[in-house]
Amino acid sequence: MYKRFKIEMEDPGSILVIRLSKGDNLIDSVQRILHMEKIKAGYFTAIGAVDWIDLGHYDVEEKKYTSKQLEAPLEIASCSGMVTGFKGGHVHAHIVVTDKEMRAFGGHLNEARVGATCEIVLKPIDAAFTRTYNDGVGLNLLTI
11 MYKRFKIEME
21 DPGSILVIRL
31 SKGDNLIDSV
41 QRILHMEKIK
51 AGYFTAIGAV
61 DWIDLGHYDV
71 EEKKYTSKQL
81 EAPLEIASCS
91 GMVTGFKGGH
101 VHAHIVVTDK
111 EMRAFGGHLN
121 EARVGATCEI
131 VLKPIDAAFT
141 RTYNDGVGLN
151 LLTI
C-alpha cells in the first residue's frame, strides 16, 4: 500500500509525492495512482530500492524486446518515466539499479517489486497524450 502527499502548487497544477512500501509493485502502483487521481498525462522520477526487477531492452532492427530478471537487493540509482492515458493509464519508464558490488543494470522498466521503500515524485501535465503504433520502429510512440 502506498502513502501519498499532495503538494498544491500555483498554476498549472500539483505535484504528488508518493511513498511505496516493501512488496509493492512499482508499475502497478503508479497505474493505480493514475486511475485514482484521474491523471491523463505526466512525468515522474523515483528513488529507493527493489528486491526483484524485470528489465527490458528493445532491439530496433529486430523489433523485439529481450528481458532480464534480477532478484537481489538493488538500489534505484535513477528512474524516470512518462505516463499517458494510453490503454487506460500507460507507464513508460527507464531505470538504472545497482547491486552491492556497485554494478549497474538498466533499461526499460517492465516491473519491479519494492525492497525497502520507493519514493516517487509525479508531476501531472494538463494534456491528453496517447501512443500510436509506428511500423518503422515497431513500438507505440508518444503522439504529441
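Just so we're aligned, residue 11 is where the sequence shown starts under the working numbering, counting upward by one.
Each residue gets a CB set at the ideal place from its N, CA and C atoms; glycine is no exception.
Everything numeric in this text was worked out from a predicted model, so none of it was measured.
Would you mind working out which of the options sits nearest residue i, comparing C-alpha positions?
i           : options           : result
residue 140 : 119, 108, 127, 99 : 99
residue 127 : 48, 59, 42        : 59
residue 103 : 148, 32, 136, 41  : 41
residue 132 : 73, 52, 74, 87    : 52
residue 37  : 109, 90, 83, 149  : 90
residue 150 : 48, 32, 73, 33    : 73
If you draw a straight line from the C-alpha of residue i to the C-alpha of residue j, how long is it?
i           : j           : result
residue 63  : residue 153 : 28 Å
residue 115 : residue 81  : 12 Å
residue 145 : residue 122 : 29 Å
residue 111 : residue 35  : 24 Å
residue 57  : residue 45  : 22 Å
Tell me whether residue i sits in a helix, a strand or coil according to DSSP, three-state version.
i           : result
residue 107 : strand
residue 42  : helix
residue 15  : Only weak support exists for where residue 15 lies, its pLDDT of 49 falling under 50; the value from the coordinates is given anyway. If DSSP states are grouped into helix, strand and coil, residue 15 belongs with the strands.
residue 154 : coil
residue 135 : coil
- prompt: Which whole runs of the beta strand (DSSP E) in the stretch 45-80 are 3 residues long or more, in chain order?
  reply: 51-69, 74-80
query: Would you call the stretch 65-74 and the stretch 23-36 in contact, with 3 or more CB pairs under 8 Å?
result: no
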